[in-house]
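Undergrad:
Residue numbers (this note's numbering): 520 to 608.
Written out as structure tokens, the structure reads:
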């Protein structure tokens with residue numbers, strides 16, 4: 520996956536790392552532990568299963584608020600249509 524989570528517990532930094540940033544994207548989106556309530560990040564991925572016989576939906580989040588946000592994205596057709604409309608052009 521292009522995005523993944525990375526935790527630096529000693530430094531108090533939580534990051535979503537972008538392996539291949541596109542124009543205007545950052546290589547990493549960081550949250551320092553003292554400001555953890557200011558941003559919520561999550562990764563939603565729909566990928567082939569390991570044995571290739573089906574698909575897997577992966578929700579990776581940093582907090583309970585992230586879980587709610589990711590599930591809202593997945594279960595609300597409006598978010599999905601808006602997000603994927605850019606690929607139809």
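The C-beta atom is built at its ideal place from N, Cα and C for all residues, glycine as well.
Go through its chain and collect everything with a Cβ distance to residue 539's Cβ below 8 Å, but skip five positions before and after it.
TA: 521
Undergrad: Report the start-end ranges of each alpha helix (DSSP H) in the segment 565 to 606 that is 4 residues or longer and not cut off at the edges.
TA: Within the segment 565 to 606, the complete alpha helix (DSSP H) runs of at least 4 residues are 583 to 594.
Undergrad: In the structure shown, what three-state DSSP assignment does residue 560 receive?
TA: Residue 560 falls in the coil class under three-state DSSP.
Undergrad: Between 563, 573, 525, 526, which has its C-alpha nearest residue 586's C-alpha?
TA: 563
Undergrad: Closest to residue 566 by CA distance: which of 558, 560, 578 is it?
TA: 578
Undergrad: Shortest alpha-carbon distance to residue 583 belongs to which of 560, 600, 570?
TA: Of the candidates 560, 600, 570, the one whose C-alpha sits nearest the C-alpha of residue 583 is 560.
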